[in-house]
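In what follows, a structure is listed as structure tokens, so that the remarks can point back to it.
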Amino acid sequence: MPAKPSVQAVGICHKRVGDLVVTAINDGYLDGSLDLVTQVSKDEAAAAQRASCRSIPPRLTINAFLVQADGGRPILIDTGAGTNFGPSGGKLAEGLKLAGVEPAEIGTVLITHAHPDHTGGLAAGGSAVFSNAELVLGQAEADHWLADGALERAPEGARPYFQGAQAAIAPYKGRLRTVSSGEVVPGVTAVAAPGHTPGHTAYRIDSAGQSLLIWGDIVHLPGIQFALPGAGVVFDVDGKQAVETRRRMFDMAASSELTVAGMHG
Ligand SMILES: [Zn+2]
86 MPAKPSVQAV
96 GICHKRVGDL
106 VVTAINDGYL
116 DGSLDLVTQV
126 SKDEAAAAQR
136 ASCRSIPPRL
146 TINAFLVQAD
156 GGRPILIDTG
166 AGTNFGPSGG
176 KLAEGLKLAG
186 VEPAEIGTVL
196 ITHAHPDHTG
206 GLAAGGSAVF
216 SNAELVLGQA
226 EADHWLADGA
236 LERAPEGARP
246 YFQGAQAAIA
256 PYKGRLRTVS
266 SGEVVPGVTA
276 VAAPGHTPGH
286 TAYRIDSAGQ
296 SLLIWGDIVH
306 LPGIQFALPG
316 AGVVFDVDGK
326 QAVETRRRMF
336 DMAASSELTV
346 AGMHG
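With positions in the sequence shown counted from 1, the corresponding number in our numbering is that position plus 85.
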């Protein structure tokens, strides 16, 4: 009987969007629980998860996205979990290698929000992994996590999240740009999508008549939240606003027949 390899190979998936190539890079996964679900009953959540043929407890993939254009430096959207959740995450570097891109080549890192499964790959040993990149973050996100006194004002239980966000972003001091909405780099537009976090931002890619909306954490549990958009997760900073934003994004994507991609699936 052959031995089962102890490590699953990293998954990457290329997609053309107009003149650009977008590559989804799987950073790994998080093992979840139906206890993460808020605003609907556990029974409703379980029924939706079962109806979509997904496992209970749920497993959440973690994704980042690489955007490449002719003549431009590569753009990275989110950076995965790094070492924050043990060996099931932190595969971004391997994925970039498979895509033929060195971290030092990345020109811009766009962050959807400053949770540890999105900013975990930014720094290693206190240094910037993307040594030549500008870092772009929602203004409200920077205000929430990085403002003077934010850590001290945070409830005790939330402090590790503030410390984590600050440590991940600190090495990019002097090359951090905050945005609210509108074009952030040619062909990429920030779309404010607050609720999960105050400055949670989706990025819309438009090129030669084709579009892709990379919507961050609008959906954590596809089996549950597509069927029940009113279902939140315990990590939502403002659960009510997160639901409103999810419904708005679903409407926008459906009415403009927009292809979407997310960080969890
Ligand atoms: Zn996330």
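Every residue, glycine too, gets a C-beta built ideally from N, C-alpha and C.
Per DSSP, what kind of secondary structure is Lys100 in: helix, strand or coil? Numbered from 1 along the sequence shown, position 15 holds the residue referred to as residue 100. Here Lys100 sits in strand by DSSP.
Could you pull out every residue in the same chain whose Cβ sits closer than 6 Å to the Cβ of Leu195, ignoring the five residues on either side in sequence? For the purposes of this step, residue 195 is taken as the residue at position 110 of the sequence shown. So the list reads Ile162, Val221 and Tyr288, once near-sequence residues are dropped.
Range of the contiguous alpha helix (DSSP H) that encloses Leu343: Counting from one through the sequence shown, the residue named residue 343 turns up at place 258. Run containing Leu343: none; DSSP gives neither H nor E here.
Report the three-state DSSP secondary structure of Ser292 (helix, strand or coil). By one-based count along the sequence shown, residue 292 stands at place 207. In the structure shown, Ser292 sits in a strand (DSSP, three-state: E or B).
Pull up the distance between the alpha-carbon of Ala84 and that of Gly267, whole angstroms please. For residue 84 there is no data in the structure shown, the boundaries of the chain being 86 and 350.
Could you say if the region 173-188 and the region 234-249 meet the contact criterion of at least three C-beta pairs nearer than 8 Å? The region 234-249 and the region 173-188 do not touch, with fewer than three beta-carbon pairs separated by less than 8 Å.
Whole-angstrom distance between Asp228 and Leu145, CA atom to CA atom: In the sequence shown, counting from the first residue as 1, residue 145 sits at position 60. In the sequence shown, counting from the first residue as 1, residue 228 sits at position 143. Approximately 28 Å between the Cα atoms of the pair.
Out of curiosity, what's the CA-to-CA distance linking Ala255 and Ala213? Counting from one through the sequence shown, the residue named residue 255 turns up at place 170. Counting from one through the sequence shown, the residue named residue 213 turns up at place 128. Going from the Cα of Ala255 to the Cα of Ala213 covers about 9 Å.
Which residue from Val95, Val92 and Val107 puts its Cα closest to that of Gly347? Taking the first residue of the sequence shown as position 1, residue 347 is located at position 262. The option with the nearest alpha carbon to Gly347 is Val107.
Considering only residues of the region 244-272, which uninterrupted beta strand (DSSP E) runs meet the minimum length of 3 residues and lie entirely inside it, listed in chain order? 261-264 and 267-270
To the nearest whole angstrom, what separates the beta carbons of Asp202 and Phe150, a pair I think is in contact under 8 Å? As a first step, residue 202 is located in the sequence shown; it is residue number 117 there, counting from the start. As a first step, residue 150 is located in the sequence shown; it is residue number 65 there, counting from the start. Their Cβ separation, rounded to whole angstroms, is 14 Å, which puts Asp202 and Phe150 out of contact at 8 Å.
Option in Arg135, Ile97 and Lys127 with minimal Cα separation from Val318: Numbered from 1 along the sequence shown, position 233 holds the residue referred to as residue 318. The residue with the shortest Cα to Cα distance from Val318 is Lys127.
Residues of its chain near Gln310, where Cβ-Cβ distance is below 6 Å and the 5 sequence neighbours each way are ignored: Working through the sequence shown from its first residue, we reach residue 310 at position 225. Cβ neighbours of Gln310 beyond the five flanking positions: Val304 and Ala316.
Quick one, what's near ligand 1 if you take every residue whose CB is closer than 6 Å to any heavy atom, in chain order? His200, Asp202, His203, Asp302, Met348 and His349
Nonlocal neighbours in the same chain, by C-beta distance under 6 Å from Asp120, ignoring five residues either side: Along the sequence shown, read from residue 1 onward, the residue named residue 120 stands at position 35. Correct list: empty, nothing qualifies.
If you reduce the DSSP assignment to three classes, tell me which class Phe150 lands in. The residue given as residue 150 occupies position 65 in the sequence shown. In the three-state DSSP reduction, Phe150 falls in the strand class (E or B).
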